[in-house]
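First up is the structure itself, then whatever we jot down about it.
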Amino acid sequence: MKVSIITGSHRSNSQSAKVGSYLQKQISELKLFKETYLLNLAHADIPFWDEDLKETGDKWKDTWKPVENELRTSDAFIIVTPEWNGMVPSKLKNLFLLPKADVMGHKPALIVAISAGMGGSYPVSELRSSGYKNTRICYIPEHIIIRNVEQVLNEQPDENNKNDIYIRQRIDYVLTMLSKYAEAFIHLRNADFDLFKYPNGM
Ligand SMILES: Cc1cc2nc3c(=O)[nH]c(=O)nc-3n(C[C@H](O)[C@H](O)[C@H](O)COP(=O)(O)O)c2cc1C
480 MKVSIITGSH RSNSQSAKVG SYLQKQISEL KLFKETYLLN LAHADIPFWD
530 EDLKETGDKW KDTWKPVENE LRTSDAFIIV TPEWNGMVPS KLKNLFLLPK
580 ADVMGHKPAL IVAISAGMGG SYPVSELRSS GYKNTRICYI PEHIIIRNVE
630 QVLNEQPDEN NKNDIYIRQR IDYVLTMLSK YAEAFIHLRN ADFDLFKYPN
680 GM
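Under our numbering, read the sequence shown as residues 480 to 681, first letter to last.
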């Protein structure tokens with residue numbers, strides 16, 4: 480099984496990327512998925528949606544198509560998103576405009592929201608209430624909110640606060656759960672529904 484970890488920050492040296500790398504390391508340590516693909520939207524250079532996407536114009540072939548292929552061959556997703564002005568960043572919203580239903584559709588996804596302060600709940604409700612309609616991504620009921628993110632999951636123990644141990648344990652728990660959902664959803668996708676019969680959700 481393969482999991483794609485998508486980090487949504489636009490900042491090149493972001494806390495989202497730090498958390499994404501930590502999740503990738505844990506997945507490998509716990510042997511939960513055979514393969515991981517880490518997509519950092521700050522560096523991926525995926526264009527904002529335009530009409531050329533339908534014709535697979537040149538700029539899309541070099542940028543989006545390789546990413547799309549990685550996502551299509553994934554069995555699960557982890558969306559790591561910062562809270563920016565109470566929202567998810569626009570590069571992440573853009574990502575949900577691009578795939579057809581066979582890329583993310585009917586695959587389980589874990590939301591990991593982060594905040595340098597006490598925020599982080601708005602991106603969870605935003606992702607849960609929009610963006611799934613046409614992608615058919617399936618967010619699992621458990622999610623993670625990492626508050627004061629700069630003070631947890633650092634490699635140097637003295638940079639971490641007292642919540643660090645709790646958040647690491649909770650992450651292991653929910654990553655294991657995601658891997659079980661991923662196994663179960665393979666059976667569901669084998670049911671051979673025609674994903675293109677209704678390309679847009681209602
Ligand atoms: C444009 C912008 C808007 C932000 N808005 C919020 C916010 O609404 N709530 C919050 O808790 N933190 C907010 N922050 C602070 C972020 O939580 C903090 O910068 C965090 O590290 C962002 O994640 P990143 O490092 O992955 O970009 C904002 C930061 C930026 C750059």
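Just so it is clear, CB atoms sit at the ideal spot from N, CA and C, and this is done for glycine as well.
Measure the C-alpha to C-alpha separation of residue i and residue j and round it to an integer number of angstroms.
i: A521; j: I593; result: 16 Å
i: W528; j: L517; result: 21 Å
i: L675; j: P578; result: Checking the displayed sequence, the identity of residue 675 turns out to be Phe instead of Leu. Their Cα atoms are separated by approximately 12 Å.
i: S553; j: Y660; result: 13 Å
i: Q494; j: L509; result: 22 Å
i: K540; j: D524; result: 12 Å
i: M656; j: Q505; result: 13 Å
How would you write the range of the alpha helix (DSSP H) that residue i sits in, first residue to last?
i: Y573; result: A small correction: the amino acid at residue 573 is Asn; Tyr does not occupy that position in the sequence shown. From DSSP, the alpha helix (DSSP H) with N573 extends over 569-574.
i: S600; result: 600-608
i: L667; result: 643-668
i: N633; result: Element bounds for N633: n/a, residue is neither H nor E.
i: K612; result: 611-614
For the beta strand (DSSP E) that contains residue i, what are its first and last residues?
i: L518; result: 514-519
i: K586; result: Here K586 belongs to no beta strand (DSSP E), and DSSP marks it neither H nor E.
i: T542; result: Where T542 is concerned, there is no enclosing beta strand (DSSP E), although the alpha helix (DSSP H) it sits in stretches over 537-551.
Can you pull the DSSP bridge partners for residue i?
i: G592; result: A small correction: the amino acid at residue 592 is Ala; Gly does not occupy that position in the sequence shown. DSSP lists T560, I624 as partners of A592.
i: A555; result: V482
i: M597; result: Looking at the DSSP assignment, M597 forms no beta bridge with any residue, so it has no partner.
DSSP state of residue i, grouped into three classes?
i: S495; result: helix
i: L677; result: For clarity, residue 677 is Tyr in the given sequence; the question names Leu instead. Residue state, collapsed to three classes: coil.
I need the residues with a C-beta less than 5 Å from some heavy atom of ligand 1; please give them in chain order.
S488, R490, S493, Q494, S495, P561, E562, W563, N564, G565, S594, A595, G596, G598
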